[in-house]
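Undergrad:
Numbering (UniProt numbering), first residue to last: 1 to 95.
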């Protein structure tokens, strides 16, 4: 999981640099990615959606988890950039 977190941080820095810098300041990127990677999104998505993610994960591999993670960050970027602390960001990303 730690290697995957490192890869995810690199991907976030490459594809969403502004958000990456802000999330590093808040200290949230490693916390949320660990939760997502360990549960394959089952704890934060509606069951039907999470099952599709798990199915794609078994077919395509870890790249699906990275793609979904980046998509979730991008979809919530505006809200995340307006967060003032880790708790607020975790609430947004934990929905």
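The C-beta atom is built at its ideal place from N, Cα and C for all residues, glycine as well.
So, at 7 Å on beta carbons, what are the nonlocal neighbours of residue 38 in its own chain, with the 5 sequence-adjacent residues on each side left out?
TA: The residue given as residue 38 occupies position 38 in the chain shown. The residues are 1.
Undergrad: State yes or no: is the C-beta of residue 16 within less than 9 Å of the C-beta of residue 77?
TA: As a first step, residue 16 is located in the chain shown; it is residue number 16 there, counting from the start. As a first step, residue 77 is located in the chain shown; it is residue number 77 there, counting from the start. Yes, the Cβ-Cβ distance between residue 16 and residue 77 is below 9 Å.
Undergrad: If we count Cβ pairs, one from each stretch, closer than 8 Å, do we get three or more for the region 17-31 versus the region 78-89?
TA: At 8 Å Cβ cutoff, the stretches touch.
Undergrad: Can you list, in chain order, the stretches of the alpha helix (DSSP H) that have 4 or more residues and sit fully within the region 51-95?
TA: 63-75, 77-81, 86-93
Undergrad: What distance in whole Å lies between the Cβ atoms of residue 62 and residue 80, which are believed to be in contact at a cut-off of 8 Å?
TA: What you label residue 80 is simply residue 80 of the chain shown in a count that begins at 1. What you label residue 62 is simply residue 62 of the chain shown in a count that begins at 1. Actually they are not in contact, since the Cβ atoms of residue 80 and residue 62 sit about 23 Å apart, beyond 8 Å.
Undergrad: Exposed or buried, residue 43, counting other C-beta atoms within 10 Å across all chains shown (16 or more means buried)?
TA: What you label residue 43 is simply residue 43 of the chain shown in a count that begins at 1. Exposed, by the Cβ-count rule.
Undergrad: Determine the direct distance from the alpha carbon of residue 74 to that of residue 55, and round the result to whole angstroms.
TA: Counted from its first residue, the chain shown places residue 55 at position 55. Counted from its first residue, the chain shown places residue 74 at position 74. C-alpha separation (whole angstroms): 22 Å.
Undergrad: Between residue 53 and residue 40, which are expected to be in contact by the criterion C-beta below 8 Å, what is the C-beta distance as a whole number of angstroms?
TA: As a position in the chain shown, residue 53 is number 53, starting the count at 1. As a position in the chain shown, residue 40 is number 40, starting the count at 1. About 6 Å; that satisfies the 8 Å criterion.
Undergrad: Could you check the C-alpha separation between residue 60 and residue 32 for me, to the nearest Å?
TA: Reading the chain shown from its first residue, position 60 is the one you call residue 60. Reading the chain shown from its first residue, position 32 is the one you call residue 32. Pairing residue 60 with residue 32, the inter-Cα distance amounts to about 22 Å.
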